[in-house]
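Going by our numbering, the first residue of the sequence shown is number 314, and it counts up by one from there.
Below is one structure, written out as structure tokens; the observations come after it.
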Amino acid sequence: MERKITVDKNKCIHCGLCIKDCPTSSIEFDGDKIPEFSEVRKERCVACQHCMAVCPEGALSFGGKNPDDSAEVSYGNSDELLNLIKSRRSIRYYKNESVPTDKLDKIKEMLAFPPTGANADSLHFTIVGTKEKMDEIKKVTYEKILQSSSDSPIIQFLKNSYQNGQDISYRDAPSMVVVSVNKSTVVPGCETTDPIIALSYLELYAQSLGMGTMWSHGAVTIVKQNPEVYSLLEIPENYSLSYIILLGIPAVKYKRTVQKEASSIIVI
Numbered sequence: 314m315e316r317k318i319t320v321d322k323n324k325c326i327h328c329g330l331c332i333k334d335c336p337t338s339s340i341e342f343d344g345d346k347i348p349e350f351s352e353v354r355k356e357r358c359v360a361c362q363h364c365m366a367v368c369p370e371g372a373l374s375f376g377g378k379n380p381d382d383s384a385e386v387s388y389g390n391s392d393e394l395l396n397l398i399k400s401r402r403s404i405r406y407y408k409n410e411s412v413p414t415d416k417l418d419k420i421k422e423m424l425a426f427p428p429t430g431a432n433a434d435s436l437h438f439t440i441v442g443t444k445e446k447m448d449e450i451k452k453v454t455y456e457k458i459l460q461s462s463s464d465s466p467i468i469q470f471l472k473n474s475y476q477n478g479q480d481i482s483y484r485d486a487p488s489m490v491v492v493s494v495n496k497s498t499v500v501p502g503c504e505t506t507d508p509i510i511a512l513s514y515l516e517l518y519a520q521s522l523g524m525g526t527m528w529s530h531g532a533v534t535i536v537k538q539n540p541e542v543y544s545l546l547e548i549p550e551n552y553s554l555s556y557i558i559l560l561g562i563p564a565v566k567y568k569r570t571v572q573k574e575a576s577s578i579i580v581i
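Encoded structure:
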């Protein structure tokens with residue numbers, strides 16, 4: 314996105330909120346008290362769009378975006394959100410059908426919004442959207458695992474489970490989301506946290522759509538054993554696979570939440 318701000322002078326009330334809220338201090342007033350990029354600090358801009366989001370009059374546009382096209386801010390119902398979090402379960406049984414296209418479209422829209430360090434655009438998402446594509450990936454990765462001579466306990470466990478008819482890695486899920494990270498553009502120290510934050514958003518949002526998810530270390534393990542699968546997943550050459558979350562319509566329905574208490578929380 315082009316780092317450019319445009320201000321409707323007829324709407325601007327000179328409140329300075331865009332300047333105050335800019336996390337990189339990239340904006341200042343001009344001689345007429347109209348916000349503009351600072352010549353000294355404009356290169357710091359991380360395209361977070363805080364300036365456009367905070368403007369009470371919709372006077373400021375960032376990157377050519379029309380403020381009127383933005384959705385109204387809503388924080389939802391806190392009790393419903395807490396119940397959604399309490400209701401989350403790892404799903405290990407899925408219906409034998411592909412995820413509906415409209416659900417995948419919603420997930421694609423959502424994945425643009427999870428936060429990253431300094432708003433860096435360093436994540437790549439591969440959504441395996443059909444059972445046919447999942448079957449192709451499973452076939453290739455499991456064949457490689459069966460041929461492996463590795464004495465790794467996790468590899469041996471996955472191999473033995475598969476030979477006994479158990480798909481521990483993919484759980485027969487009809488879809489999955491693979492997140493990869495560009496280590497040349499990611500903010501140092503965020504290589505692991507950025508992908509995990511994104512998938513955490515995904516798992517809760519998917520549940521609100523009636524989808525089930527499961528974080529699969531097994532899938533990550535066997536895909537990483539098969540570098541040739543990167544091309545099947547269309548992971549760019551300069552990206553490294555971070556994690557995989559399984560996705561599908563649950564074949565099991567939970568009737569109530571579990572009852573838990575945090576074992577180690579203090580307020581000081």
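In this text, a Cβ means the ideal position worked out from N, Cα and C, and glycines have one as well.
Give the straight-line distance between the Cα atoms of residue i and residue j, rounded to the nearest whole angstrom.
| i | j | result |
| --- | --- | --- |
| Glu550 | Gly329 | 43 Å |
| Met524 | Ser474 | 26 Å |
| Ile301 | Asp345 | The chain is shown only over 314 to 581; residue 301 falls outside these bounds and no answer can be derived. |
| Glu352 | Ser339 | 8 Å |
| Gln538 | Phe438 | 19 Å |
| Trp528 | Leu559 | 6 Å |
| Met489 | Glu341 | 45 Å |
| Lys408 | Ile562 | 6 Å |
| Thr526 | Tyr406 | 10 Å |
| Ala384 | Leu515 | 20 Å |
| Ile318 | Ala519 | 34 Å |
| Phe299 | Gln460 | Shown here, the chain extends from 314 to 581; a query on residue 299 therefore has no answer. |
| Lys568 | Val491 | 30 Å |
| Lys378 | Lys573 | 44 Å |
| Leu517 | Ala366 | 24 Å |
| Glu575 | Leu397 | In the sequence on display, residue 575 carries Ala and not Glu. Roughly 17 Å between the two C-alpha positions. |
| Asp448 | Asp381 | 44 Å |
| Leu545 | Lys446 | 9 Å |
Going by the CB atoms, is the gap between residue j and residue i shorter than 7 Å?
| i | j | result |
| --- | --- | --- |
| Asn495 | Tyr552 | yes |
| Ser403 | Pro487 | no |
| Thr498 | Ala564 | no |
| Arg401 | Cys358 | no |
| Tyr483 | Lys452 | no |
| Ile509 | Val533 | no |
| Ile347 | Thr454 | no |
| Ile548 | Ser493 | yes |
| Leu417 | Gly389 | no |
| Thr570 | Lys421 | no |
| Glu370 | Lys333 | no |
Using only CA atoms, which one of the options lies nearest to residue i?
| i | options | result |
| --- | --- | --- |
| Phe375 | Asp381, Pro369, Cys364 and Asp382 | Cys364 |
| Ile481 | His530, Pro428 and Lys421 | His530 |
| His327 | Ala372, Pro336 and Phe350 | Ala372 |
| Ser435 | Ala366, Gly377, Asp334 and Val500 | Val500 |
| Thr506 | Gly430, Asp392 and Ser544 | Gly430 |
| Phe426 | Cys335, Gln362, Gly502 and Cys325 | Gln362 |
| Glu356 | Cys335, Cys368, Val367 and Glu370 | Cys335 |
| Lys457 | Glu541, Pro466, Thr337 and Leu545 | Glu541 |
Identify every residue that forms a DSSP beta bridge with residue i.
| i | result |
| --- | --- |
| Ile558 | Val490 and Trp528 |
| Ser391 | Answer by DSSP bridge pairing: none, since Ser391 is not bridged. |
| Ile318 | Phe375 |
| Ser435 | Ser435 is not bridged to any residue. |
| Pro428 | DSSP, once it has assigned bridges, lists no residue as partnering Pro428. |
| Ser403 | Thr526 |
| Val533 | Note: Val533 sits in no beta bridge, so no partner. |
Inside the stretch 331 to 362 only - alpha helix (DSSP H) runs reaching at least 4 residues: Listed in chain order, nothing qualifies, since the stretch 331 to 362 has no complete alpha helix (DSSP H) run of 4 or more residues.
Ordered list of beta strand (DSSP E) runs contained in the stretch 449 to 516, each at least 3 residues: DSSP runs (the beta strand (DSSP E)) wholly in the stretch 449 to 516: 488 to 495.
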